[in-house]
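Asks: Questions regarding the structure given below will be posed in turn.
Shown next as structure tokens:
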């Protein structure tokens, strides 16, 4: 009501500016007053809603690093790169934008670990305290990834970036389950609490459209009034960004996409406002020789180097550094905490012009410099596919000679990084310059292995065809017994494996086992690659391995339970492979609970119920039931609670204890699984009476869990 009064007041005040002699009749001006009130109310409500949403979404994430809720994630490579630069992620971080652990909002963050390879049939979430976790999406109605991909390239799969009310919007089963499991009123309360975008966004959109129409009508009516026009003439503003380059005026429009709120187009020339990096500095940045004001300038220079934005870089160089004769020039010589100078950043960004400018003004920096891990400019350019930089560097004879055998601390050379980037053009340049392409890294990988792991199919096929010429033996394995066929199975690349066995790789090599006795079938099942699994089983030369077991007596069915592909599990099961106990008496149900694969666990529990078998007979040698394993390998995404419900429905005894007298509640406390502890305390309070001393002992190492347990025990007294 207060918003309505406020809006009407504003509208009336606006009318007071109209000269009395020119007032319209009541029926003429009243709609405008109401329209103005509607506009004010709409934007007031949107603002309040947005503030409330921001406040709610910024809390209770429980991650070890900062995350930012967003309305929309990048949907292509260009948007992703802009967002990464806007966030200011450093060389040890990778920008990600994925759903939170509750699947209620999208969050963006600088991930402090390396990007990971995601299996086909999987989306991502940021689980627990902050790690990337695979989420099964094979039941999506549309949009589930059908091939493996790098975690920071999830923008290619929009279905993985659309969530609401704890579900992916394409996950029909999740929506049905949510409505069936909880009364509608409870669900409506959750909707109100979560304030997700699914219903708010259409409301905002419609409101804005209507409001804009009203504003336009009001605007054009007022424009007809001379005194209002006279008032506006003195307040015209320009929606242009103007910079002066050597006396020439350059105009750049501030074009923004709906997602890039707060970011300027790459063309921005004046380094202020949104063109600066984010305001928060890392401690490592403060621990440097530069003044705080200079650190901001250094970060901006790095940004332009990474963007390859020569005009922006050159503008800062001339106006902010070269015209001054103080310590600012040291910025050009500085290194980050990884030992990388602006030259390294320029090599990643791909601008030869920037690199040449740095060579001109950096007396202490040389082209052959390395960072702390031994990465050279050429290594970085090869890794990120910057063929212009590679061509420029290798055109310098002295540089080429010094780089021929240069490796990092882990023995990666230019050819290895080229294989990781999958750039055929750069690889041809290296071959022309007689670079060594047959060496191995410190962990035994050659360029073919690396290209396969990074899923560069055409690059791999070219290397395979030229393997004799390039001296790349296809039958060699690393110190763990993995060969090229195992790597192809790991990433699920059916095309590479099929290409290998059709004339290039001895079938016996493809059928060989790793030192842990794993076959390529085990490996592709372990990572949920159903199509490759089917290809291997149906291949007349490879299907002999279907019944093989590894050193822990795991068969293909056990690995399917770990991989999470229900289709693969059913397919292997149809091949008469049984759920025999492993070396430590685990079954497929134990394994599916460890890795939180709800659909497989539900499928197995339904089988147990229909066969009349007792689920409580499924215990390991140390008396661990499937319920105990739910509490380990925490995800805190709701899957643990769902698994407990499935197991209880199948008749499991949650009060069962291991040899060490541990119940599932004690295991959950030991593994700091707060959400599962809360669920068990609320829904199975009888567990608090079993081994209470052990419960307190397990809970004492986490303050939040200790408080949950203490309060629950007090309430039972």
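In my numbering, the protein residues as written are 330 to 1046. For glycine and all other residues, C-beta sits at the position ideal for the given N, C-alpha and C. Quick caveat, the model's predicted, so the values are computed rather than measured.
(1) Drop a sphere of 10 angstroms on the beta-carbon of residue 407, count the other beta-carbons inside from all chains shown, and report buried for 16 or more, exposed for fewer.
(2) I'd like the list of long-range same chain contacts for residue 861, defined as Cβ closer than 6 angstroms, with 5 residues on each side in sequence excluded.
(3) How is residue 1030 classed by DSSP in three states: helix, strand or coil?
(4) Pair every Cβ in the region 791-801 with every Cβ in the region 479-498, then say whether three or more of these pairs are closer than 8 angstroms.
(5) Which one or two residues does DSSP pair with residue 478 in a beta bridge?
(6) Buried or exposed: where does residue 747 fall if 16 or more other Cβ atoms within 10 Å of its Cβ makes it buried?
(7) Taking Cβ positions, are residue 456 and residue 462 nearer each other than 8 angstroms?
(8) Does the region 946-961 come within contact of the region 984-999, defined as at least 3 CB pairs closer than 8 angstroms?
(9) Do you know offhand how far residue 418's Cα is from residue 1020's?
(10) Less than 8 angstroms between the C-beta atoms of residue 402 and residue 424, yes or no?
(11) Grab me the residues of residue 948's own chain with a C-beta within less than 6 angstroms of its C-beta, minus the 5 sequence neighbours each way, in chain order.
(12) Counting pairs of Cβ atoms below 8 angstroms between the region 710-723 and the region 660-674, do you hit three or more?
(13) Starting from residue 641, trace the alpha helix (DSSP H) both ways and give me its first and last residue.
(14) Is the beta carbon of residue 762 sitting closer than 8 angstroms to the one on residue 723?
(15) Tell me the DSSP secondary structure of residue 784 in three-state form.
(16) Would you kindly work out how many angstroms separate the C-alpha atoms of residue 503 and residue 905, rounded to a whole number?
(17) Do you know offhand how far residue 892's Cα is from residue 838's?
(18) By the 10 Å Cβ neighbour count, where 16 or more other Cβ atoms means buried, how is residue 802 classified, buried or exposed?
(19) Would DSSP call residue 438 helix, strand or coil?
(20) Keeping to the same chain, check which residues put their C-beta closer than 7 angstroms to that of residue 749; ignore five residues upstream and five downstream.
(21) Between the C-alpha atoms of residue 682 and residue 631, what's the straight-line distance to the nearest angstrom?
(22) Between which two residues does the alpha helix (DSSP H) holding residue 633 run?
(23) For residue 469, name the three-state secondary structure that DSSP assigns.
(24) Since residue 1037 and residue 1007 should fall inside the 8 angstroms C-beta cutoff, what is the C-beta to C-beta distance between them, to a whole number of angstroms?
(25) Would you kindly work out how many angstroms separate the C-alpha atoms of residue 552 and residue 399, rounded to a whole number?
(26) Could you pull the start and end residues of the alpha helix (DSSP H) that residue 674 belongs to?
(27) Taking the continuous alpha helix (DSSP H) assigned at residue 409, which residues delimit it?
(28) Who are the near neighbours of residue 473 in its chain, counting only those whose CB is closer than 7 angstroms to its CB and skipping five residues on each side?
(29) Given a cut-off of 8 angstroms on the beta-carbon distance, is the pair residue 394 and residue 459 in contact?
(30) In whole angstroms, give me the CA-to-CA distance for residue 1032 and residue 622.
(31) Got a sec, what are the start and stop residues for the alpha helix (DSSP H) residue 392 sits in?
(32) Look up residue 802 in the DSSP assignment and say whether it is helix, strand or coil.
Replies: In short:
(1) exposed
(2) 821, 823, 853
(3) coil
(4) no
(5) 447
(6) buried
(7) yes
(8) yes
(9) 47 angstroms
(10) no
(11) 954
(12) no
(13) 639-645
(14) yes
(15) coil
(16) 31 angstroms
(17) 24 angstroms
(18) exposed
(19) strand
(20) 712, 779, 783
(21) 14 angstroms
(22) 621-636
(23) coil
(24) 6 angstroms
(25) Low local confidence applies: a pLDDT of 46 at residue 552 is under 50, so the model's placement there is unreliable, and no value is given.
(26) 671-678
(27) 406-416
(28) 450, 466, 467, 488
(29) yes
(30) 40 angstroms
(31) No alpha helix (DSSP H) holds residue 392; DSSP gives it neither H nor E.
(32) coil
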